[in-house]
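Notes follow once the structure below has been shown.
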Amino acid sequence: MTVTASPATSPATAPATERDVIPFHVSDVDEKDIEAVVAVLRDGWLTTGPRCRDFERQFADHLGGGVQALAVNSCTSALHLALEAIDVQPGDRVITSPYTFTATAEVLRYLGAHPVFADVDPVTGNLTVETVTDAWRRLSPGVRRRVRALVPVHFAGLPCQMDGLEELARTHGWRLVDDAAHALPAARRGRPIGTWGTATAFSFYATKTLCTGEGGMLVTADAAVADRARTMRLHGIDRDAFARYKHVDGWRYDVVAAGFKYNLTDVAAAMGCTQLARLRDMHRRRTAIAAVYDAGLGQVDGLATPARAPWGDEHARHLYPLRVLDGIAVRDRVIRELAARGISTSVHFIPLHLQPYYRKTYGLQPSDLPGATELFTQEISLPLFPGMAADQVVRVVEAVPQALAAARATRG
Ligand SMILES: Cc1ncc(COP(=O)(O)O)c(C=O)c1O
1 MTVTASPATS PATAPATERD VIPFHVSDVD EKDIEAVVAV LRDGWLTTGP
51 RCRDFERQFA DHLGGGVQAL AVNSCTSALH LALEAIDVQP GDRVITSPYT
101 FTATAEVLRY LGAHPVFADV DPVTGNLTVE TVTDAWRRLS PGVRRRVRAL
151 VPVHFAGLPC QMDGLEELAR THGWRLVDDA AHALPAARRG RPIGTWGTAT
201 AFSFYATKTL CTGEGGMLVT ADAAVADRAR TMRLHGIDRD AFARYKHVDG
251 WRYDVVAAGF KYNLTDVAAA MGCTQLARLR DMHRRRTAIA AVYDAGLGQV
301 DGLATPARAP WGDEHARHLY PLRVLDGIAV RDRVIRELAA RGISTSVHFI
351 PLHLQPYYRK TYGLQPSDLP GATELFTQEI SLPLFPGMAA DQVVRVVEAV
401 PQALAAARAT RG
């Protein structure tokens with residue numbers, strides 16, 4: 001199977017004017033976010049301080065399950081800190097998904113460990129107990145012994161089978177650290193994502209379901225992991241900047257490890273608190289938009305709407321990953337036809353086994369991970385953000401079948 005992009009085709013319709021264009025994403029920023037940020041600017045304490053503490057407390061309360069939450073400057077840092085805290089060593093292996101952003105796997109390389117990519121279900125984009133078991137079985141006995149952890153990714157916000165994966169990890173003695181960059185709020189069998197396994201990493205990047213521009217949260221119920229990550233997120237210093245400032249002897253501190261600079265600012269955390277307060281409202285709006293897409297596109301020949309969360313699970317609806325079943329050439333033309341109709345889209349993801357670094361370093365072929373390769377050749381992420389107007393959603397629903405018909409008409 002070839003997975004290179006097809007050559008450009010000329011759009012069948014006149015380009016939309018700028019005013020007509022429906023963006024792929026617009027961050028949901030309201031007056032309360034702005035007031036909260038301005039209050040921090042007026043207050044004058046800009047770096048990690050009381051707003052970060054509030055955000056951490058509120059985030060942990062939101063998830064429940066006795067977790068601790070550590071605010072950091074990205075999901076990437078949260079993943080790195082979690083893996084460092086569980087003592088992933090050079091040469092260790094970590095089983096993870098190829099159907100993700102590079103951050104998920106690059107943090108293993110920071111530690112000198114290696115990813116073992118297990119395939120994903122081509123319908124959900126998620127690892128399953130079967131694909132992880134299969135990837136593990138393919139390893140030699142010597143390499144199997146080096147597997148330290150399993151890092152599933154909840155693609156698009158659809159929760160992985162955390163019950164089965166947790167059981168599998170327990171059986172093999174692996175730690176389970178999930179990448180929940182897409183999965184807020186989300187739940188598996190009624191239990192929030194963030195309360196499974198050893199640790200979870202969330203992202204507050206500009207396009208995410210809770211955004212602070214850049215930002216992330218490491219969540220864990222494991223006190224040893226929390227203690228280590230708390231120290232390592234700020235240079236391996238035994239106290240944070242605010243604690244030092246508040247004490248008379250604040251100039252004194254101990255560097256107990258060679259740590260990182262991963263702390264979140266109070267400017268970002270202030271917005272995190274106000275965003276968290278309306279997370280449910282934003283999620284309701286995302287869910288409603290996805291329902292309109294499902295109803296409008298579910299019966300279109302040649303398309304498959306995204307996998308739904310089974311009963312008892314909650315989908316965060318970060319992305320709406322539509323599948324174009326004709327494959328990559330038609331998929332690429334649909335993207336251009338939609339752009340010509342003023343609809344911006346994206347593709348999630350170019351899987352890591354097709355990216356030059358991972359392909360070359362680990363000698364990977366498209367056929368090694370057929371589920372991930374297939375999903376990549378079909379996937380288009382439609383616009384999905386809480387501020388989308390009803391008429392914009394309708395325009396997308398109307399344009400997609402037209403774009404597909406035009407793309408199919410220029411086939412070959
Ligand atoms: C699945 C996944 N993991 C991790 C990340 C990294 O998040 P951050 O930008 O907060 O480091 C992203 C970012 O898009 C992502 O999509």
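Heads up, the sequence shown is in this note's numbering, so the first residue is 1 and it goes up one at a time.
Beta carbons are placed, not taken as given, at the ideal position from N, Cα and C, and that holds for glycine.
Which listed residue (the options) has its alpha carbon closest to that of residue i
i    : options                : result
K261 : D20, H247, T231, L276  : T231
L234 : A206, P321, S77        : S77
I380 : D391, S344, L364, L279 : S344
Y110 : G259, T410, I335       : G259
D313 : D266, V397, P185       : P185
H114 : V143, G125, V123, D121 : V143
L108 : F117, D121, V94        : V94
V69  : V26, F155, L41, A221   : Inspection of the sequence shows that residue 69 is occupied by Ala rather than by Val. The candidate whose alpha carbon is nearest that of A69 is A221.
Q89  : T133, R148, G44        : R148
Y320 : G157, I34, K32         : G157
M162 : D178, H172, M271       : D178
R138 : A71, L83, V116, L375   : V116
V129 : I350, P152, V21, L264  : P152
Q355 : A309, F101, G91, W45   : F101
H80  : T265, A226, V330, G272 : A226
P50  : T195, L168, V38, D266  : D266
D30  : T410, G363, D391, A277 : A277
Residues near residue i by beta carbon distance below 7 Å, same chain, minus five either side
i    : result
A14  : Reliability fails at A14, whose pLDDT of 48 lies under 50, so the model's placement of it is uncertain and no value is given.
D249 : none
A399 : L338, R341, I343
R285 : P386
L382 : Y293, Y320, L322, T345, V396
V256 : T231, G236, D238
A36  : A270, M271, C273, T274
L264 : T48, C52, A71, V72, N73, G215
E84  : L111, M232
A309 : L158, P159, H315
P401 : V300
CB contact check: residue i to chain B, cutoff 8 Å
i    : result
L338 : You won't find chain B in this structure, because it holds only one protein chain.
Distance cut-off 7 Å: residue i Cβ against heavy atoms of ligand 1
i    : result
Y205 : yes
V153 : yes
A103 : yes
G216 : yes
S27  : no
T100 : yes
H80  : no
C52  : no
S367 : no
D119 : no
A181 : yes
S346 : no
S431 : Residue 431 cannot be examined here, being either before or after the span of the chain that is shown, 1 to 412.
S74  : yes
6 Å CB neighbourhood of residue i in its chain, flanking five on each side removed
i    : result
V393 : I289, V292
P23  : S344
L352 : P98, A105, Y358
R317 : G157, R286, T287, A290
P7   : Per-residue confidence for P7 stands at a pLDDT of 34, beneath the threshold of 50, marking its modelled position as unreliable; the derived number appears in the next sentence. Once the five neighbours on either side are set aside, P7 has no close Cβ partner at all.
D28  : M282, P386, G387
A181 : C75, S203
P159 : A186, R188, I193, D313
A5   : Note that A5 has pLDDT 35, beneath the 50 cutoff, so the model's placement of it is unreliable and no number is given.
Residues near residue i in its chain [Cβ-Cβ closer than 8 Å; skip 5 each side]
i    : result
L325 : G302, L303, A304, Q378
D254 : I237, D238
A135 : I95, V116, F117, A118, D119
V3   : Since pLDDT at V3 reaches only 44, below the 50 mark, its modelled position is unreliable, and the value read off the structure follows with that caveat. Here the set comprises I328, L354, P366, T373, F376, T377.
L279 : H62, L184, P185, T209, L210
I86  : R148, A149, R175, V177, T198, A199, V225
Proximity test, residue i beta-carbon vs ligand 2 heavy atom, cut-off 7 Å
i    : result
A206 : By its list of ligands, the structure shown excludes ligand 2, since it contains just ligand 1.
Item to check | Length at least 4, wholly inside the region 158-205: the alpha helix (DSSP H) runs in chain order | outcome: Runs found: 162-172.
Item to check | Continuous beta strand (DSSP E) assignments of at least 3 residues falling wholly in the region 256-335 | outcome: Taking only runs of at least 3 residues, the beta strand (DSSP E) segments lying wholly in the region 256-335 are 320-324.
Next on the checklist: Going residue by residue through the region 211-248, where are the continuous beta strand (DSSP E) segments of at least 3 residues, counting only ones entirely within it?
Outcome noted: Secondary structure remark: continuous beta strand (DSSP E) runs of at least 3 residues inside the region 211-248, in chain order: 216-220.
Next on the checklist: In chain order, what are the residue ranges of uninterrupted alpha helix (DSSP H) at least 4 long that sit wholly in the region 346-377?
Outcome noted: Note on the region 346-377: whole alpha helix (DSSP H) runs with a minimum of 4 residues are 356-362, in chain order.
Item to check | Whole alpha helix (DSSP H) elements within the region 118-163, 4-residue minimum | outcome: Fully enclosed alpha helix (DSSP H) runs of 4 or longer: 129-137, 141-144.
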